[in-house]
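Single-structure report; data block below.
Chains as they are written, first to last, in my numbering: chain A, 8 to 319; chain B, 1007 to 1566; chain C, 24 to 331.
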């Protein structure tokens, strides 16, 4: 985490002159110097860094160059939108991806399997934005049943605003979340399938068959459980990728989330937003890795026993 | 009427480009209470037959012809029904106990599941039955270990668990496919005794598939010999081993290293086209044969090696002491053997002698120079020329991307950079002919050669720098027994003609007896005993040596 | 030398790879499609019917012409024209050239960087390996798009705007390349670890061959197979990444539009009914990516000895 904080900080300070970015061309040199003093930019580097870290841990990231509002405010406004989108997409991708992956892994040569695989390959080749545009065109323009942009009506619950409680909110989230989930879903399908196929060739599956255990048990009790172990790691990384790809989806659907904010920031070189986004993302990833490690501990008995043995 | 009759069985594998006939018209019968051995070298089809009986052929195998009659019923008639027989009438166990068990279920769960599949017992009764089974196969503390996971058992214990799983629903036929090949010799004899006991107590019909003739001699009553999918010979073990009828069986039996005496060369019955007397080794002309003085070429003094598990922990909790204070000497021109089971440290010692890694403490002297203390690369090169090695796995010891001539020329060009290309080619041809390969082999790639031929290429590469010491790390353990005999003969010829000193490493006592003048026995990194070969075998002094000698499977036991 | 060439050809023909290639219709079809695309992009000046970047050839009167098979279509503009009268087919061909150049260069950069780091870290081990692996782990948790965006953003901050436009393509190649190298490093390292333990490496060490020669003469050729598979799939990803970045507006400058830029421009006209301006570049991009993925998939299945 600290590494990321340092990178953010360097971004903040050394990329371009913050003062130049913040004020217009007409400001005099004296005013600039004054501003510099106020912001503490003349202090030695390590002082500035520690101030940055302290501020960051309190959620204080300074003021956006472009929008002239505190970054933390901007983030808390946009955060629920992105999170809701990501969670729904993750659910769609994981659930359907795993189901389809298991099916194609078990039925290696069926007709339906081939179709699913062909479609999944197509899914990997379609950039997310193309899918988005296609969906908008199909459902919004031609069929007109789903909205093509925005979030619909939201209900404000204190610090969180949710779109789940209104019909228009739910309608609005369908297209973006399916778009976002498609890329990941195809990836999961291929991964789960590869895992299942590999497991079904192992000796212990063969031995189970030799003992007369029926195919259904073999597939679901023996193979699947073993196959899910690596999927969990992937699920963790997936959430991260989803957050990143939400940038694209939000742009296409004009979904008012953090990704959209970030893109604007990159275009206008709005450093505070960029560094805040970075720190936030890093935090999320670290959390996810941590949760995945804990999950692994519970699921794979080999790790559990090793840890117990080391402690005992 | 025999309990199991395999009638005219043929199995084919449809590969990408061709069809492989893995088994052709096999006729075998087995009775209850007897153990039938099914022996053959790699590619013989013995595993295929075992798998076919239970209809669990690996893809793309298919039974193309024949029937399997078990207790009067042709079980191949309705392939869908065969699932009822699996586990209930037929039990199957394979070679590697580590991969045979599902790692994320406890053995208790796996046992109960199997029992409840075939017998209608409630969970409590099933659990009792399972625990009794574990006791029967010799697992101590069966109640406690019932809830353990597979990785918490050692190799031998795991194989016992596998056997209990195979037998838990009271099958009458047991097929054991190389059940002890992956185990140490001491564990191996325990498992074989267990199988013999269970056969008697439960009146089982057993097919024991193996490549080890010693195991056949000690465990089986009848034996069937297979080669390339054909059934070569079948009959009572004693007769087949002492008076083999077919040529192949005879050559197989004569290739097995005798455990009770030392012979000069193995008798190769199936000769290709060579005249046995013409053993003039071509590279002899180029070899600068040094006079053998009666001094030590290699001296190993107090050698130790510790491996650390993780890079950062220097605590001795995680470290493994692979070699512990070992000392011995090798005289020039001698053949010295290092013998031990897995984990004994023998390979590690070899790798330190060839300088693949540095010892943690202790020294190695070559020709009275301490080579472990040499830091300078140039100086080291002088010694690298003189010490070479051949390895166990013929498939990983040659770089598949290079032609044979490039593989052999690498050491030559490195130590003689100014060699002309004509000289180089001639030298390569001489080397190849010295290991009984043709000149055309130089232009080919490793994958075009068999395991035995690849070992010959490795030997040619090792001889290219005219070494004085040749370290052989289990050079024939991965080869079929008939090929092993040829390679061992070759090594002996080379040693005699070129005055080589050989350090021979193996876990196979009979092989070591044939190849070495002096032997050191290792256990867990420590030296147990060193003596001259015949002394060691006739009058072993250390208990461990006595154990090993007692337990090793002997083909000669058939004469008792 | 002729003899050697002939034996090489024979060796290829006899090999398993060739055999399964001939037998697989998807492999053949995708290769043909790719060859056509590559050829057209390479020789775009000859192949393309118009030069859409020559202002003198444009006329606003031609703007918004639909594809030739629809009602108002004109034969010479096969796929229609855009808002400035540029022929769609030509702009697509020029655009695909940019996409291909960026994609290939980025992946090549990634490959060289990643394989070198992976190979050396796998071979030497120790602290060096630990550092490289930590680096790849950290970077792998960051999705490549994000990485590319970040690098691009930083670049914009550091370089002035005019210079940035000129160097945009190089920045883009660098950004995408940097985001993909961990994949190559990880695969190369894993393969190197496997090869390192094989006896032929020990044999060469014992003979006295130096480490560098062992790495590049012995190990490298043996780890190329999985690297190639990742490379093919990575190429598709790089092309998609470039088009995504261009679509978002942070990719190639508008003066040298790639397929992504074209799609973005066309997106504005989607609702007013001129669907072809965005549709055709999009289809082209998908065909390109799909063919590469098909080929990569076939390669993965062929080069994997386990799934027989």
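Think of the CB as a built atom: it goes at the ideal place given N, C-alpha and C, for glycine as much as any other residue.
Would a check of beta-carbon distances place residue i closer than 7 Å to chain B?
i              : result
residue 222(C) : yes
residue 230(C) : yes
residue 249(C) : no
residue 323(C) : no
Going along chain C in order, which residues have a C-beta closer than 8 Å to the C-beta of residue i?
i               : result
residue 137(A)  : 286, 305, 308, 309
residue 90(A)   : Within chain C, no residue comes near residue 90(A); the closest Cβ sits about 17 Å away, beyond 8 Å.
residue 144(A)  : 293, 298
residue 203(A)  : Neighbours of residue 203(A) on chain C: none; closest Cβ ~12 Å, over 8 Å.
residue 1523(B) : Within chain C, no residue comes near residue 1523(B); the closest Cβ sits about 24 Å away, beyond 8 Å.
How about residue i and residue j: do their beta carbons lie closer than 7 Å?
i               : j               : result
residue 1525(B) : residue 1306(B) : no
residue 1469(B) : residue 1350(B) : no
residue 229(C)  : residue 1360(B) : yes
residue 1091(B) : residue 1081(B) : yes
residue 381(C)  : residue 226(C)  : The question about residue 381(C) has no answer, for chain C in this structure spans 24 to 331.
residue 1173(B) : residue 1212(B) : no
residue 1561(B) : residue 1220(B) : yes
residue 206(A)  : residue 234(A)  : yes
residue 208(C)  : residue 141(C)  : yes
residue 249(A)  : residue 88(A)   : no
residue 1165(B) : residue 1103(B) : yes
residue 1559(B) : residue 1224(B) : yes
At a Cβ threshold of 7 Å, is residue i touching chain C?
i               : result
residue 1163(B) : no
residue 299(A)  : no
residue 131(A)  : yes
residue 1358(B) : no
residue 125(A)  : no
residue 258(A)  : yes
residue 1399(B) : yes
Consult DSSP for residue i and reduce its assignment to one of helix, strand or coil.
i               : result
residue 104(A)  : helix
residue 1408(B) : coil
residue 68(C)   : helix
residue 1216(B) : strand
residue 263(A)  : coil
residue 1307(B) : strand
residue 206(C)  : helix
residue 1022(B) : coil
residue 1156(B) : helix
residue 1068(B) : strand
residue 268(A)  : helix
residue 1337(B) : strand
Please list, in chain order, the chain B residues whose beta carbon lies closer than 7 Å to that of residue i.
i             : result
residue 48(C) : Near residue 48(C) there are no residues of chain B at all, since even the closest Cβ is about 16 Å away, more than 7 Å.
Strictly below 9 Å CB to CB, what residues from chain C border residue i?
i               : result
residue 1403(B) : 221, 222, 223, 225, 226
Does the beta carbon of residue i sit closer than 7 Å to a beta carbon anywhere in chain A?
i               : result
residue 138(C)  : no
residue 239(C)  : no
residue 280(C)  : no
residue 168(C)  : yes
residue 1060(B) : yes
Which chain A residues are close to residue i, counting only those with a beta carbon under 8 Å from its beta carbon?
i               : result
residue 1093(B) : 217, 218, 219, 220
Kindly list, in the order they appear in chain B, the residues whose Cβ is closer than 9 Å to that of residue i.
i              : result
residue 245(C) : 1405, 1406, 1407
Going along chain C, which residues have a C-beta under 7 Å from residue i?
i               : result
residue 1394(B) : 229
Please compile the residues from chain A whose C-beta is within a distance smaller than 7 Å of the C-beta of residue i.
i              : result
residue 312(C) : 132
Any C-beta of chain A within less than 9 Å: which residues of the stretch 1108 to 1123 of chain B qualify? 1108, 1109, 1110, 1111, 1112, 1116, 1119, 1120, 1123
Mind checking the stretch 209 to 234 of chain A against chain B and listing, in chain order, the residues whose C-beta falls within less than 9 Å of any C-beta there? 209, 210, 211, 212, 213, 214, 215, 216, 217, 218, 219, 220, 221, 222, 224, 228, 229, 232, 233
Residues in the stretch 1416 to 1430 of chain B having any Cβ partner in chain C nearer than 7 Å: 1416, 1417, 1420
Could you list the residues in the stretch 248 to 278 of chain C with a C-beta less than 7 Å from some C-beta on chain A, going in chain order? 259, 263, 266, 267, 270, 271, 272, 273
Mind checking the stretch 232 to 253 of chain A against chain C and listing, in chain order, the residues whose C-beta falls within less than 7 Å of any C-beta there? 244, 247, 248, 251, 252
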